[in-house]
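Numbering (this note's numbering), first residue to last: 356 to 499.
Even for Gly, the Cβ is constructed at its ideal location relative to N, Cα and C.
From a predicted model like this one, the values you see are computed outputs, not experimental measurements.
What follows is one structure encoded as C-alpha cells, with my remarks underneath.
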C-alpha cells in the first residue's frame with residue numbers, strides 16, 4: 356500500500372458543538388487533496404446519514420469515497436472534552452478518511468488497516484493520551 360498523507364487539525368470548543376462543524380474544518384484542512392471541499396463535505400455528511408461512524412468508544416471514523424478526492428488521505432482531530440456525534444455519544448478523537456470514488460480496494464485497505472489497529476485497546480489508549488501530532492505520526496506509521 357502506498358504511503359497515505361495524514362494531517363492533523365486543532366479542535367477547540369468553539370467548533371465542537373456540531374459534528375458537521377468538525378467535518379467541515381477537517382475537509383478544509385485537506386483541500387490540497389480535493390478538487391472541491393464542499394462536494395467532499397457533502398459526501399461525508401451523506402455517508403454519516405447512512406451509517407453511524409462512532410462505533411468505538413471515544414472515536415469517530417467519518418469517511419467517504421468521493422469524486423472530489425484526488426489522493427487518499429486521513430485527517431485527525433482531537434478534543435478531550437468530547438464532541439457530541441450520534442445519539443449523544445461523545446467522541447474525543449475524529450479520524451476522517453477520504454478516498455477517490457474509483458478507489459474501492461484502496462479505500463477498504465485504508466479502513467481495514469486502521470480498524471485492525473483500533474481493535475487493540477492499548478493502541479486506542481495511546482492515541483487518546485497523546486497530543487495530536489503524535490496521534491498523526493502513529494497513524495501515518497501504519498501506512499508507511
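- In this structure residue 412 is exposed. Its beta-carbon is surrounded by fewer than 16 other beta-carbon atoms within 10 angstroms.
- Between the stretch 412-430 and the stretch 465-473, the count of C-beta pairs closer than 8 Å reaches three or more; the two stretches touch.
- Residue environment: residue 470 is assigned as exposed (fewer than 16 neighbouring CB atoms within 10 Å of its CB, all protein chains considered).
- Here residue 409 really is in contact with residue 444; their C-beta atoms are around 5 Å apart, less than 8 Å.
- The beta carbons of residue 450 and residue 431 sit closer together than 7 Å.
- A Cβ-Cβ contact shorter than 7 Å links residue 380 with residue 364.
- Scanning its chain for C-beta atoms nearer than 7 Å, with the 5 sequence neighbours on each side dropped, one finds around residue 375 the residues 400, in chain order.
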